[in-house]
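Each step along the sequence shown adds one to the number in full-length UniProt numbering, with nothing skipped, and position 6 is 6.
As structure tokens, the structure follows; a few thoughts come after it.
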Amino acid sequence: MVERGEIVVNVGESGELASGHLPITVIAADYLSNALVRFGRPWITVPGKSLTATAVVPVPTRVADDELFNGWLAMIGELAALDALEGEIDACGARPYDEDCGFKLKWPNDIYCHGLKIGGTVTEVMPSPSGGPASGAWRVVAFSFGANLLVPADHLPTPQATSLQMNVGPLPGIEELRDGVLSRFVESLRRRLETFADSPMVEAGRLRSEMRHVCWMMGREIEAQLIDGSAVRGVVVALNDDASINVETPDGVTRALLASEVGLLQ
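Structure, rendered in structure tokens:
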């Protein structure tokens, strides 16, 4: 049972991590007022038409604080969101209106369909409360997921946005659809985090291969506004072992960019 409303509510626990047996706590809302995501940018939700949720998960400190591995946490959030949308579409028997319809992931946190944004994820490693269950060997990580589910075209926030109902159908009502997507997101997130925590080096390689097949950015020309005020323009040529991307600039220089460096990517 999921309670809806403008107030963010706890909708329960959806399982335990294999390592440490700590719960995943899910927080969801039908509507968020003044919602802000990465670097203070607004996130617009349409009541009764959207999904907005956060899964709060304890992750081993040896993974969350390791710069070689922690970049993959954001990719895990994106891939779990992709699993959730695709899994729910299959479960409810919906079919794409266009044969070429397919989801892609725009590094580091957007979900695209036909080149338009259908949703996004935000992953944040949070400070651990002193003496809490996630202190010491554990860090608390918040995986937020938002998606336009049944949003009609005239209610989308920008011309660069789309919604699930505009691309596939038939779909169930919002409560059934939202609950199905959310439960699949949490299950995929839990499974992926368990395997990643058990063997981060091996799983990083597997995630890199998986991301390369669904990454919307590969081979595209981009402009990255960095948080230090500078900008990088060029073509995305690689996804690296630490989840950064390589951008080849017009002068032939290859620049590696971490998700934490990028404020806006166009």
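Note that the Cβ used here is the ideal one computed from N, Cα and C, for glycine as well.
Residues Lys117, Gly120 of the same chain have their beta carbon placed closer than 6 Å to that of Asp110, with the five preceding and five following residues left out of the count. At the C-beta level, Leu189 and Val57 come within 9 Å of one another. Assignment of Phe185 by DSSP, reduced to helix, strand and coil, places it in the helix class. A contact is defined here as three or more CB-CB pairs under 8 Å, and the segment 138-155 fails this definition with respect to the segment 96-104. Looking at the DSSP output, Lys106 sits in a beta bridge with Asp110. One alpha carbon belongs to Ser199, the other to Asp241, and they sit about 14 Å apart. DSSP places Val237 in the uninterrupted beta strand (DSSP E) bounded by 231-239.
Cβ contact annotation for Ser244 (same chain, cutoff 8 Å, sequence separation greater than five): Gly71, Ala256, Leu257, Leu258, Ala259, in chain order. Beta-bridge pairing by DSSP links Cys101 to no other residue. Residue range 71-91 is occupied by the alpha helix (DSSP H) that includes Gly77.
Annotation: Ala74 to Ala84 spans about 15 Å, alpha carbon to alpha carbon. Under a 10 Å Cβ-count criterion, Ala81 is classified as buried, with 16 or more other Cβ atoms of the shown protein chains found around its own Cβ. Counted as a single uninterrupted DSSP element, the alpha helix (DSSP H) harbouring Thr61 occupies residues 61-64.
Leaving aside the five residues that flank Glu221 on each side, the residues in its chain whose CB is nearer than 6 Å to its CB run, in chain order, Val235. When Val59, Thr52, Cys215, Leu79 are compared, the shortest CA-CA separation from Trp138 is found for Val59.
Secondary-structure assignment with DSSP links Phe145 through a beta bridge to Ala53, Thr121. By the neighbour-count criterion, in which 16 or more other beta carbons inside 10 Å mark a residue as buried, Val202 falls on the exposed side. Counted as a single uninterrupted DSSP element, the stretch harbouring Leu32 is not any alpha helix (DSSP H), since DSSP gives it neither H nor E.
Rounded to the nearest angstrom, the gap between the Cα atoms of Asp65 and Ile227 is 21 Å. Under the three-state reduction of DSSP, Gln160 is assigned to coil, being neither helix nor strand. The residues Val168, Gly169, in chain order, have a CB closer than 8 Å to that of Arg95 in the same chain once the five nearest residues on each side in sequence are set aside. Gly169 has Arg95 as its beta-bridge partners, per DSSP. Each of Asp30, Trp43, Phe196 was checked against the Cα of Leu156, and the nearest Cα belongs to Trp43. In the DSSP assignment, Leu226 falls within the unbroken beta strand (DSSP E) covering 221-226.
Taken through DSSP and simplified to helix, strand or coil, Thr195 comes out as helix. The beta carbon of Glu124 sits closer than 6 Å to those of Ala142, all from its chain and outside the five residues before and after it, given in chain order.
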